[in-house]
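J.: Mind the numbering: the sequence shown is residues 1 to 328 in UniProt numbering, read in order.
All C-beta atoms, glycine included, are put in the ideal place defined by N, C-alpha and C.
Structure incoming, see below.
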Amino acid sequence: MPLPRTDIAEALRSSEAEAPDGGRVWLPLNALRAFEAVGQRLSFTGAASALHISQSALSRHVGRLEEYLGCRLLERRAQGMSLTAAGAALLPVVADSFDRIEETLKSLRREPGHGGRVLKVHMPPTFLHIAGLSLLAEFRRAFPGVPIDVSSSNGVGLPAGRGVDLAVVFDRPHLGDAIRDPLWMVSQTPACSPELAARAEGLDLVAFLRANELLHVKLEGEPFGTLWGTYMRHRGLDLAVSRGLAFETEALAVQCAVAGGGVTLVDVDMFAAELAGGRLVTPFADATSPSGFGYYLAVHPDDMADPAVALFRSWVIQRYAQVPSPAA
C-alpha cells in the first residue's frame, strides 16, 4: 500500500538510516518516478498528465525529494524549467534504473506460447542496411532459439531511453558506463560518381570540392557539417562546410553521390563494394583521413550475466575478428 502523502517526507528522512538486517534502505520510488517524469519533459503539466495524477501531488513528490536530498533538482523560472547540476546527474541514473526494472519485469512475464526472452538490439540505419541485416541473419541461422527485436535511429552514442540490451553505436572513442567493443574505426574519403570524377581532371582537391555540392550526413546532437568539418581540419583545408545537402543516413548520401548529386565522405570499409564495383569512385589518391568516429558494440555491465546478451556479444566480436570488412 502506498504511503500517505503526509508520511512521505518522514519516510524519506528515515530512509537515511541503514536497514537493521543489513539490507537495502527504503527507496522513495514514487518521488523518484515523479522527478523522472518532470525531468524528462521539463513540464509539470505534461508529467502530471503522463502519470495520471494532479500537478499539486506531483509537485509535492518532487519537493519532498529535494528536501530529502538537501538540494534543488529543478530550476523554476518564468521563461521555463531546467535541470540543476544535481538534477542533470540524477535523471539519467533514475531513468536507466526504471528502464531496467521494466525490461526485467517484461522478460519475466511470459505469455502463453512464448518461448523465451526477446533480445533487444539497436543499430544505426546505415549499419543495419549495409552490414546489420546479414549479421542478424547469420546469428539467427546459428541460434534460431533467440528471438530478436531490432530498433534503429540515427545519432551519436547510445540511444536514449530505448531499453535495449545491446547497441551498435557510432561514436567518438571515450570512457563511459557501458562496455564498448570496437568493431572498426571509420576512415573517410571524398567520393562521387564516375561522371563527376571525370571533371576533376586538372583540379586539385580543394578546387574540386569548392566546385561541387557537398553531401552531408546529419548526426543527432552534432552541428551541421560535423564530418566534413573534421575532414577539412585534419587535411588542413580552408573550405566552408556550411553548404550542400544533408541526409538522415550515410546510405542516402551515397545514393545521391552515385546519382551524380555531389561529393560525399564515404566510409571506405562500409562501402567497399560500391567502390570496388566502380559505382562510386574516389578521384584523389591518398585523400583518406580518419573521421574520429568508430562503430562499437555497447552493452551495460549489469547485462553481461544475461546468457542471451553474452552469446550475441561474443558471437559478434568473433565474427568481426575473422572478417575485417563490415559489409562482407
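(1) Rounding to the nearest angstrom, what Cα-Cα distance links G176 and A31 in this structure?
(2) Which residue from F271, V309, A276 and M304 puts its Cα closest to that of H129?
(3) Quick check on this structure: which residue in A198, P147, L214 and G87 has the alpha carbon closest to the alpha carbon of G70?
(4) Select from L265, S291 and D269 the residue whose C-alpha is nearest the C-alpha of F284.
(5) Exposed or buried, D302, counting other C-beta atoms within 10 Å across all chains shown (16 or more means buried)?
(6) Buried or exposed for D306, please, with buried defined as at least 16 other CB atoms from any protein chain shown within 10 angstroms of its CB.
(7) Can you name, in chain order, every residue of its own chain whose Cβ lies under 8 Å from the Cβ of P125, other than the five neighbours on each side?
(8) Helix, strand or coil for P304? Go by DSSP, reduced to three states.
(9) Going by the DSSP bridge assignment, what does A246 pair with across the sheet?
(10) So, is Q79 buried or exposed, given that buried needs 16 or more other C-beta atoms within 10 angstroms?
(11) Among A200, L73, F35 and V146, which has the Cα closest to the Cα of Q55?
(12) Report the rounded CA-to-CA distance for L83 versus R76, giving the unit in angstroms.
(13) So, do the stretch 189 to 201 and the stretch 308 to 321 have three or more beta carbon pairs nearer to each other than 8 Å?
(14) Would G278 and R172 qualify as a contact pair, given that the criterion is a beta-carbon distance under 7 Å?
(15) Going by DSSP in three states, D99 sits in which element: helix, strand or coil?
(16) Cutting at 7 Å between CB atoms, please list the residues of its own chain near G221, excluding the five before and the five after it.
(17) Using only alpha-carbon positions, find the residue among V268, D286, R243 and Q40 that is nearest to F224.
(18) Figure out for me which residue from I317, Y68, A95 and L29 has the closest Cα to the Cα of G39.
(19) If the criterion is Cβ atoms closer than 7 Å, does the pair G231 and S289 meet it?
(20) According to the neighbour-count rule (16 or more other Cβ atoms, all chains shown, within 10 Å of its Cβ), is T226 buried or exposed?
(21) Can the beta-carbon of L119 be found less than 7 Å from the beta-carbon of A308?
(22) Would you tell me roughly how many angstroms separate the C-alpha atoms of Y68 and R33, rounded to the nearest one?
T.: So, to answer that:
(1) 27 Å
(2) Considering only alpha carbons, the answer is F271.
(3) G87
(4) L265
(5) exposed
(6) buried
(7) S152, S153, N154, E248, T249 and A251
(8) In the sequence as presented, Pro is not what sits at residue 304; that position holds Met. If DSSP states are grouped into helix, strand and coil, M304 belongs with coil.
(9) H216
(10) exposed
(11) F35
(12) 9 Å
(13) no
(14) Their beta carbons are not under 7 Å apart, which means G278 does not touch R172 by this criterion.
(15) Looking at D99 - three-state DSSP - the assignment turns out to be helix.
(16) G155 and V156
(17) R243
(18) A95
(19) Strictly speaking, residue 231 in this sequence is Tyr, with Gly absent from that position. A contact, by the Cβ cut-off of 7 Å.
(20) buried
(21) yes
(22) 15 Å
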